[in-house]
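Comments concern the structure below.
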Amino acid sequence: MDNRKQMSRLALFGRPYIIFDPSNKDHRRWFAEFNKSLTWAHCPVRFVVDDDHGDLVTMIQRHLIRYYVDKEFGTGAQPKGRPKSVVEKQQTKVSQKRQKKVDN
1 MDNRKQMSRL
11 ALFGRPYIIF
21 DPSNKDHRRW
31 FAEFNKSLTW
41 AHCPVRFVVD
51 DDHGDLVTMI
61 QRHLIRYYVD
71 KEFGTGAQPK
81 GRPKSVVEKQ
91 QTKVSQKRQK
101 KVDN
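Our numbering numbers the first residue of the sequence shown as 1 and each following residue consecutively.
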């Protein structure tokens, strides 16, 4: 009796499994193509879904949001400096008075 494990032919010819990396331009491009076509048919890889996410699309969206927010505003460990204000002098508060209702 042979104790070797049998491998599916799909494992040999199927697309490789990889973890989605939002910093990888190819991964972002493949997801953009999926959003246009609503199919993964032309994607050369299969993305692995993390245990804490319900489905692949939601997982990728959350990774991309975190990636772009961190890219624009920095992370907690490395916050980006706030850009200088375009206003030269300090603005004064403007009091807003309630307007009287007009009956028509």
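Positions of the beta carbon are idealized from the N, C-alpha and C atoms, including for glycine.
*Can you give the Cα-Cα distance for Met59 and Lys25, rounded to whole angstroms?*
17 Å
*With respect to the alpha helix (DSSP H) encompassing Thr39, which residues constitute its N-terminal and C-terminal limits?*
Premise fails: Thr39 is in no alpha helix (DSSP H) and is neither H nor E.
*Give, in chain order, every unbroken run of the alpha helix (DSSP H) that is at least 4 residues long and sits entirely within the stretch 12 to 69.*
25 to 37
*CA nearest to the CA of Pro44, picked from Pro16, Lys101 and Leu56*: Pro16
_Please report the straight-line C-alpha distance between Asp55 and Gly74, rounded to a whole angstrom._
27 Å
*If you draw a straight line from the alpha carbon of Arg82 to that of Asp21, how long is it in whole angstroms?*
With a pLDDT of 49 at Arg82, under the threshold of 50, the modelled position of that residue is not reliable, and the figure given next carries that caveat. In a straight line, the C-alpha of Arg82 is about 27 Å away from that of Asp21.
*How many angstroms separate the CA atom of Glu69 from the CA atom of His63?*
Looking at the sequence shown, residue 69 is not Glu but Val. Cα to Cα, Val69 sits roughly 10 Å from His63.
*Return the CA-CA distance between Gly34 and Lys101, expressed in angstroms with no decimal places.*
According to the sequence shown, residue 34 is Phe rather than Gly. About 53 Å.
*Near Tyr67, which residues of its chain fall below 6 Å by C-beta distance, leaving aside the five closest residues on each side in sequence?*
Pro22
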